[in-house]
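Undergrad:
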Amino acid sequence: MDRVECVVVGAGPTGSACAIGLARKGIETVLVERGSQAGEKNVASFVLFANVLKTIIPGFADEAPLERIGSDTGFLCLRKDDMMEFRAKAGVYYENPMIYTAYRSRFDRWFASKAEEEGVEVVRGMLVTDVLTEGGRVVGIKVGEDELLADVVVAADGIHSIVARQSGLYEDDTSRYMLGVKEVLDLPPDVIEDRFGLRPGEAAVKDGWGYPMSDVGGLFTIYTNNDSVSICLFAPVDALKAKGVSLRDRLEDFKAHPYVSSLIKESRLREYEAHILADGGRIKTDRLYSGGVLLCGEAGGFNSTMWIGVPSGMLSGLKAADAVAAAKRLGRYDADALSCYVDYLYETGLPRMLYNARTFSDFMVKSARRHMETFTDNLFDFMTESILEEVNFFEPEPYPSLEKAYGMFSDYVPRWLEPPLRLLVRGVSKLGSWYKKRKIRRTV
Ligand SMILES: Cc1cc2nc3c(=O)[nH]c(=O)nc-3n(C[C@H](O)[C@H](O)[C@H](O)COP(=O)(O)OP(=O)(O)OC[C@H]3O[C@@H](n4cnc5c(N)ncnc54)[C@H](O)[C@@H]3O)c2cc1C
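Residue numbering for the sequence shown follows the working numbering, starting at 447 and increasing by one per position.
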């Protein structure tokens, strides 16, 4: 039976980053990928936050297959026929890019080839079916009937991680699962630049909430590649199931919204994909390792609040490589030796990201999903009425905007607290009105 120092399962961004880290530390590494090419099994396009990649391959922008520079970013809120947008165009990020759009199929293939250049053996078209264990610790992988022994197995095999499951580290919590659907729509580059107001080579990246996702507590993203636009809808699986909602239908509603339709009209569908993803921070740090095994990337629940998983996956992969090297120095690969992985993680912002993602996820599960619709509606009323307040000359009373603002959050207040709190807000509002009226008299 063959034996290597380290097997990394999965040649996504996490696995390749980890393999590069291991090879650079002189650790004999095999990277196993089920696809006939890295990236073959991944969602079509993505937004690459390049801060971690930059530390691995400083000159990546000259050779990686990238689409556009994401220096035009924004938040979008939709109601059936309305839209509200907060948009930022940062010249500094156009000159010194940190965000790109790219295709996973091309990017992952390129990144795995970089691991190969570092001396990693990349084995493609091989589905890992199980882990080998001995004395309660992982000692290798199984590929059907074939076996490969390793000092350490790194799980970088994504959300459904067979390695994490078979090593007993996986935590299933379906209330944290989201379904993501994505369409890539072809449009000529000059049409994209014209409609989105972009400079040549610049990408728009818009995250948003509201119509048609409010009732299921979902969100959406829209961004531009060189000659295509990606639209993506996310929603909690349990909410979709409970309400019998098809995300595919909602994608059609989204595309028919007047604003979205003005951006993507006359486009041609290139690709459609659906994928499960989980809210971040779903695995506690003391379950990210065990004897002979480490979890990183999506397999370890490394996802930010907004499901940005590529840079955090890469960084967790690098830290896993540090942990393997430290265990090698000790000459043992048991759980105790590999526990330094968590210490290495704490040298980074990853635990903070996991904490934020878990806290946000708790808030979404417990409260926000149920109240998103009211919040969005009230927000629109508040914004539009605030604009009209400027010309509300028939009304002598200063506009009670505090009460309107309270309306956006009142759903989140416990029932017993609602009446006294509403009374308090009304009182403060009246007091504010009285004070303002007095000031008006004195000033004007
Ligand atoms: C719809 C959608 C949109 C997203 N958009 C973004 C975005 O714009 N930006 C961003 O940063 N993140 C985004 N994410 C999150 C991001 O895709 C993941 O966090 C990221 O892919 C995690 O990388 P990974 O390498 O850990 O796992 P994966 O990318 O899932 O890679 C796992 C790899 O392991 C292989 N594999 C799996 N099982 C086996 C096995 N048994 N044997 C061998 N190989 C195996 C797979 O083929 C795959 O290549 C998005 C997620 C979804 C679902």
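Just so it is clear, CB atoms sit at the ideal spot from N, CA and C, and this is done for glycine as well.
1) Is it true that the segment 594-605 meets the segment 657-670, where meeting means three or more beta-carbon pairs spaced less than 8 Å apart?
2) Taking buried to mean at least 16 other C-beta atoms within 10 Å of its own C-beta, is valine 493 buried or exposed?
3) Using a threshold of 7 Å, is the CB atom of lysine 701 nearer than that to any non-hydrogen atom of ligand 1?
4) Is isoleucine 608 near ligand 1, going by C-beta to nearest heavy atom under 7 Å?
5) What whole-angstrom Cβ distance do threonine 822 and arginine 533 have, given they're in contact under 8 Å?
6) Taking glycine 738 and valine 585 to be in contact with their CB atoms under 8 Å, please state how far apart those CB atoms are, rounded to whole angstroms.
7) Going by DSSP in three states, isoleucine 710 sits in which element: helix, strand or coil?
8) Within 7 Å: the Cβ of lysine 500 and any heavy atom of ligand 1?
9) Just to confirm, does histidine 721 get its C-beta within under 7 Å of one of the non-hydrogen atoms of ligand 1?
10) Go ahead and label asparagine 497 buried or exposed: buried means 16 or more other beta carbons lie within 10 angstroms of its beta carbon, across all protein chains shown.
11) Please classify proline 543: is it buried, with 16 or more other beta-carbons within 10 angstroms of its beta-carbon, or exposed?
12) For isoleucine 466 and arginine 480, I'd like the C-alpha separation in whole angstroms.
13) Would the segment 593-600 count as touching the segment 702-709 if we require 3 or more Cβ pairs under 8 Å?
14) Which partner residues does leucine 631 have in the DSSP bridge list?
15) Under 8 Å, do isoleucine 515 and alanine 650 count as touching if we go by C-beta distance?
16) Nearest-angstrom Cα distance between threonine 830 and threonine 667?
17) Compute the distance between the beta-carbons of leucine 615 and arginine 694, then report whether it is under 8 Å.
18) Whole angstroms is fine: what's the gap from proline 797's alpha carbon to serine 807's?
19) Looking at the unbroken alpha helix (DSSP H) that takes in phenylalanine 828, where does it start and where does it end?
20) Go to glutamate 509, then tell me how far its alpha helix (DSSP H) extends in each direction, as first and last residue.
21) Of all the beta strand (DSSP E) runs that stay within the bounds of the segment 641-671, which reach a length of 3 or more residues?
22) Bridge partners for cysteine 452 per DSSP, in chain order?
23) What are the residues that DSSP puts in a beta bridge with methionine 624?
24) I'd like to know whether the C-beta atoms of cysteine 464 and cysteine 786 end up nearer to each other than 8 Å.
25) Pop quiz: serine 613 and valine 577 are said to be a contact at Cβ under 8 Å. What is the actual Cβ separation, rounded to whole angstroms?
26) Nearest by alpha-carbon distance to aspartate 699: which of Pro682, Asp684 and Cys678 is it?
27) Check each candidate in Leu633, Tyr546, Asp528 and Phe553 and name the one with the smallest Cα separation from aspartate 518.
28) With distances taken Cα to Cα, identify the nearest neighbour of glutamate 849 among Arg868, Gly777, Ile833 and Arg861.
29) Whole angstroms is fine: what's the gap from phenylalanine 553's alpha carbon to asparagine 671's?
30) Can you look up tyrosine 801 in the DSSP assignment and give me helix, strand or coil?
31) Answer yes or no: the CB of cysteine 452 versus the heavy atoms of ligand 1, is any distance below 7 Å?
32) At a threshold of 7 Å, does phenylalanine 495 count as lining ligand 1 (C-beta to nearest heavy atom)?
33) Going by DSSP, what residues sit across from threonine 547 in a beta bridge?
34) Could you tell me which residues DSSP puts in a beta bridge with aspartate 528?
35) Report all residues from its chain with a CB closer than 8 Å to the CB of phenylalanine 826; omit the five preceding and five following residues, and keep chain order.
TA: By the coordinates alone:
1) no
2) buried
3) no
4) yes
5) At roughly 18 Å, the Cβ-Cβ gap does not stay under 8 Å, so threonine 822 and arginine 533 are not in contact.
6) 6 Å
7) helix
8) no
9) yes
10) exposed
11) buried
12) 19 Å
13) no
14) Val675 and Leu715
15) no
16) 24 Å
17) no
18) 15 Å
19) 815-835
20) 506-509
21) 648-656 and 665-670
22) Thr475 and Val598
23) Pro682 and Leu723
24) no
25) 6 Å
26) Cys678
27) Tyr546
28) Arg868
29) 13 Å
30) helix
31) no
32) yes
33) Val493 and Arg514
34) Arg525
35) Cys523, Arg525, Asp528 and Met530
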